[in-house]
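Here is the structure we will look at, set down as structure tokens.
There are 2 protein chains.
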Amino acid sequence: MAEVARDIDARFDALLDVPADPRADLYRAMRHAAIGGGKRLRPLLVQATAQLFAVDRDCAGRAGLAIECIHVYSLIHDDLPAMDDDDMRHGKPAAHIAFGEATAILAGDCLHALAFDVLADPDTHADPFVRVELIADLARASGPNGMAGGQMMDLEAEKSSFDLPTVTRLQAMKTGALIAAAVEAGAILGRLPIEGRTGLRGYARDLGLAFQIADDILDVEGDQALAGKALRKDEAAGKETFLSLLGLDRAREQLRLLVDQAIAHLHAYGAEADLLRDIARFVMARDH
Amino acid sequence: MAEVARDIDARFDALLDVPADPRADLYRAMRHAAIGGGKRLRPLLVQATAQLFAVDRDCAGRAGLAIECIHVYSLIHDDLPAMDDDDMRHGKPAAHIAFGEATAILAGDCLHALAFDVLADPDTHADPFVRVELIADLARASGPNGMAGGQMMDLEAEKSSFDLPTVTRLQAMKTGALIAAAVEAGAILGRLPIEGRTGLRGYARDLGLAFQIADDILDVEGDQALAGKALRKDEAAGKETFLSLLGLDRAREQLRLLVDQAIAHLHAYGAEADLLRDIARFVMARDH
Numbered sequence: 000m001a002e003v004a005r006d007i008d009a010r011f012d013a014l015l016d017v018p019a020d021p022r023a024d025l026y027r028a029m030r031h032a033a034i035g036g037g038k039r040l041r042p043l044l045v046q047a048t049a050q051l052f053a054v055d056r057d058c059a060g061r062a063g064l065a066i067e068c069i070h071v072y073s074l075i076h077d078d079l080p081a082m083d084d085d086d087m088r089h090g091k092p093a094a095h096i097a098f099g100e101a102t103a104i105l106a107g108d109c110l111h112a113l114a115f116d117v118l119a120d121p122d123t124h125a126d127p128f129v130r131v132e133l134i135a136d137l138a139r140a141s142g143p144n145g146m147a148g149g150q151m152m153d154l155e156a157e158k159s160s161f162d163l164p165t166v167t168r169l170q171a172m173k174t175g176a177l178i179a180a181a182v183e184a185g186a187i188l189g190r191l192p193i194e195g196r197t198g199l200r201g202y203a204r205d206l207g208l209a210f211q212i213a214d215d216i217l218d219v220e221g222d223q224a225l226a227g228k229a230l231r232k233d234e235a236a237g238k239e240t241f242l243s244l245l246g247l248d249r250a251r252e253q254l255r256l257l258v259d260q261a262i263a264h265l266h267a268y269g270a271e272a273d274l275l276r277d278i279a280r281f282v283m284a285r286d287h
Numbered sequence: 000m001a002e003v004a005r006d007i008d009a010r011f012d013a014l015l016d017v018p019a020d021p022r023a024d025l026y027r028a029m030r031h032a033a034i035g036g037g038k039r040l041r042p043l044l045v046q047a048t049a050q051l052f053a054v055d056r057d058c059a060g061r062a063g064l065a066i067e068c069i070h071v072y073s074l075i076h077d078d079l080p081a082m083d084d085d086d087m088r089h090g091k092p093a094a095h096i097a098f099g100e101a102t103a104i105l106a107g108d109c110l111h112a113l114a115f116d117v118l119a120d121p122d123t124h125a126d127p128f129v130r131v132e133l134i135a136d137l138a139r140a141s142g143p144n145g146m147a148g149g150q151m152m153d154l155e156a157e158k159s160s161f162d163l164p165t166v167t168r169l170q171a172m173k174t175g176a177l178i179a180a181a182v183e184a185g186a187i188l189g190r191l192p193i194e195g196r197t198g199l200r201g202y203a204r205d206l207g208l209a210f211q212i213a214d215d216i217l218d219v220e221g222d223q224a225l226a227g228k229a230l231r232k233d234e235a236a237g238k239e240t241f242l243s244l245l246g247l248d249r250a251r252e253q254l255r256l257l258v259d260q261a262i263a264h265l266h267a268y269g270a271e272a273d274l275l276r277d278i279a280r281f282v283m284a285r286d287h
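Protein sequences appear in the order of chains A and B. Numbered per numbering that gives the first Met the number 0, the first sequence spans residues 0 to 287. Numbered per numbering that gives the first Met the number 0, the second sequence spans residues 0 to 287.
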């Protein structure tokens, strides 16, 4: 995990070299949001899945960078005053606090474009078919039927009282889609045929939901300083979550069940999938 | 022009079918911003360039749709209160006025993702290399070295006093890059080798600058009702433009020169490039 985090920091550092022109603050804002924060769960999932198929580490690193570009852009936009209005992220001021709203909006938009720029580059993979599959995967996962659509449902959650199936769908889109895209990217780089992806897709789906339930539990029980962001906002906003709908005990039980299920989906793989199994256990055990 | 506009409206209508779930307003906001407005100059440029090489009209239509997704997303985000703070666009309330800021931000983000979703689809072109080239072209043109970088420079223009070379670079990025990407997309679809693109690239560069000078002139001399948006904002914001730096007479002269130059770049083409020539003349003659 620390190795992937260092690798992603180095890739962002190279990608976001600050130009000596009026765009300097735009690049500083992207660097502020992108470098030195976060667990890099998604790039780790790309590497761990790609390792099953002995994919070149640099290819997997570039695909992980692209997915992380999307993740970071979504955090910048989600933190805006008009959205979740959060002042802190990864223990630092949010981008819009440090650089102003306009620069933050543009920094998010630029990271969004850079994700596809990185994937379209022949350095990511020599075969254009692999590149275009990675792009299709990421565009679907981040658009209205994935992450951004889930974020829209999340905004509506403040006004309506969602039931468990609706919250499950919301979270499968808002956080699940990009987690699934990371696992899928590893499979695409490994040239695994669609028919062979069922186990990995099941793993990713259960992992994504487990991640969100753990996040809901941390939002209520977690340490704000460790989290580096404001906690206990869902309840204040009157949003239904897995925790509010299930209660703490059943949420914990469901989390354990999903992690077991995620690991069970990997039965066709041997020791080469131990990193994926460890990631599932980490999602349950993490404290921030 | 009217034919391409109808085609793009129909494509947006099919792409943005409103779902019966909590994302309905997100889709309504995208439709509000995307359908029934604008000159569709960029999709027209894709079609006009693709026609030189007898490209399938549907392929060119899909590539034009993707570029227009980017153009519309940029208008939604540019109109936000934190950015240019415009209430009107295409004679209608801006997306953030009609649907609120949060929905407008997400609608822009979704159109951004959909652009790459459309291009990655095999329906756009059977050859993955062509699709990935279109994607690379659009990602570069819309990111920090293109449209979004130009928008950042434009924000800085309120604080600094830019000289003519800086304003030229700003506009080449802010509006020129996407206009150039449209012409380039036609060349990519036509499988024109890079060495053969010099004339078309020269045409696109001069056309982009001409378009911006015409826009600056319209901003000062135009009819606000016809424009469907607020005019005369640059002067109020203290921004240097081609007009403020050159004066009206020299700006008009420069516009004529650029249009002549753009047309001269097409000397290798016969009557098949007449539509591109007409577009250049239209850019000079348009009243909104």
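Even glycine gets a Cβ: it sits at the ideal position worked out from N, Cα and C. All values derive from a computational prediction rather than experimental measurement.
Check: Could one say the Cβ of Phe11/A lies closer than 9 Å to chain B's Cβ atoms, at least one of them?
Finding: no
Next item on the list: Name, please, each residue of chain B whose Cβ falls closer than 7 Å to the Cβ of Pro192/A.
Entry: Neighbours of Pro192/A on chain B: none; closest Cβ ~16 Å, over 7 Å.
Checklist line | Distance CB(His266/A)-CB(Gly185/A) smaller than 9 Å | finding: no
Checklist line | Burial state of Pro164/B, where buried means 16 or more other Cβ atoms lie within 10 Å | finding: That one is exposed.
Next item on the list: For chain B, find out if any of its Cβ atoms is closer than 9 Å to the Cβ of Arg200/A; answer yes or no.
Entry: Not an interface residue.
Item checked: Nearest-angstrom Cα separation, counted from Ile212/A out to Met172/A -> 14 Å
Next item on the list: Out of Glu220/A, Arg139/A and Leu79/A, point me to the one whose CA is closest to Ala103/B's CA.
Entry: Leu79/A
Next item on the list: Just mark Ala106/B as buried or exposed, buried being the case when its beta carbon has 16 or more other beta carbons within 10 Å.
Entry: buried
Notebook entry, point to check: Who are Lys91/B's beta bridge partners in DSSP?
Noted result: Arg88/B
Note to self: Can you give me the C-alpha to C-alpha distance between Ile178/A and Ala23/B, rounded to a whole angstrom?
What the structure shows: 24 Å
Check: Is it true that the CB of Ala250/A sits closer than 9 Å to the CB of Leu206/A?
Finding: no
Notebook entry, point to check: Should Ser160/A and Glu234/A be called a contact, given that it needs their Cβ atoms to be closer than 9 Å?
Noted result: no
Check: What three-state label does DSSP hand Leu79/B in the structure shown?
Finding: coil
Check: If we ignore side chains and look at the alpha-carbon of each, how far apart do Ile66/B and Val131/B end up?
Finding: 14 Å
Notebook entry, point to check: Do you know how far the Cα of Pro42/A is from the Cα of Ala181/A?
Noted result: 7 Å
Notebook entry, point to check: What is the DSSP secondary structure of Arg39/A, counted as helix, strand or coil?
Noted result: coil
Note to self: I need the boundaries of the alpha helix (DSSP H) containing Leu199/B, first residue and last residue.
What the structure shows: Thr197 to Glu220
Next item on the list: Answer yes or no: does any C-beta atom of chain A fall closer than 9 Å to that of Gln150/B?
Entry: Taking Cβ atoms only, chain A reaches closer than 9 Å to Gln150/B, which makes this a yes.
Note to self: Using a Cβ-Cβ cutoff of less than 7 Å, which residues in the same chain neighbour Val219/B once the five nearest sequence positions on both sides are dropped?
What the structure shows: Arg231 and Leu242
Notebook entry, point to check: If we cut at 9 Å on Cβ distances, does Phe128/A have a partner in chain B?
Noted result: Yes - at least one Cβ of chain B is within 9 Å of the one on Phe128/A.
Next item on the list: Could you check what DSSP says for Asp120/B in three-state terms: helix, strand or coil?
Entry: Asp120/B carries a coil assignment under DSSP once its states are collapsed to helix, strand and coil.
Note to self: Below 8 Å on the Cβ atoms is my contact criterion, and I expect Asp108/A with His111/B to pass it. Report the Cβ-Cβ distance as a whole number of Å.
What the structure shows: 7 Å
Notebook entry, point to check: On the three-pair Cβ rule with 8 Å, is the stretch 112-130 of chain B touching the stretch 130-145 of chain A?
Noted result: yes
Next item on the list: In angstroms with no decimal places, state the Cα-to-Cα distance between Ala93/A and Gly149/A.
Entry: Straight-line Cα distance between these residues: approximately 21 Å.
Next item on the list: Could you check which residue in Val129/B, Gly175/B and Gly227/B has the C-alpha nearest to that of Ala147/B?
Entry: Gly175/B
Checklist line | Local conformation of Leu256/A per DSSP, three classes | finding: helix
Margin query: For Phe210/B, would you say it is in contact with chain A, using Cβ-to-Cβ distances shorter than 9 Å as the test?
Written below: no
Item checked: Euclidean distance between Cα positions of Ile75/B and Ala32/B -> Computed Cα separation, rounded: 7 Å.
Next item on the list: Starting from Arg139/A, find everything on chain B with Cβ-Cβ shorter than 7 Å and list it in chain order.
Entry: Asp116
Check: Helix, strand or coil: which one does DSSP assign to Ile34/A?
Finding: Coil.
Margin query: Give me, in chain order, the residues of the same chain whose beta-carbon lies closer than 8 Å to that of Arg39/B; leave out the 5 immediate sequence neighbours on both sides.
Written below: Here the set comprises Met0, Val3, Ala4, Ile7, Gly63 and Glu67.
Check: Could you give the C-beta distance for Val288/A and Ala59/A, rounded to a whole number, given that I count them as a contact under 8 Å?
Finding: It is not possible to answer for residue 288/A, since the shown part of chain A is limited to 0 through 287.
Checklist line | As assigned by DSSP and simplified to three states, the class of Lys232/A | finding: helix
Next item on the list: State buried or exposed for Val17/A, treating a residue as buried only when at least 16 other CB atoms are found within 10 Å of its CB.
Entry: exposed
Check: Going along chain B, which residues have a C-beta under 7 Å from Ala101/A?
Finding: Around Ala101/A, the beta-carbon contacts reaching into chain B at under 7 Å are Ala81, Met82 and Leu154.
Next item on the list: Please list, in chain order, all residues of the same chain as Gly201/A whose beta carbon is under 6 Å from its beta carbon, the five residues on each side excluded.
Entry: His264
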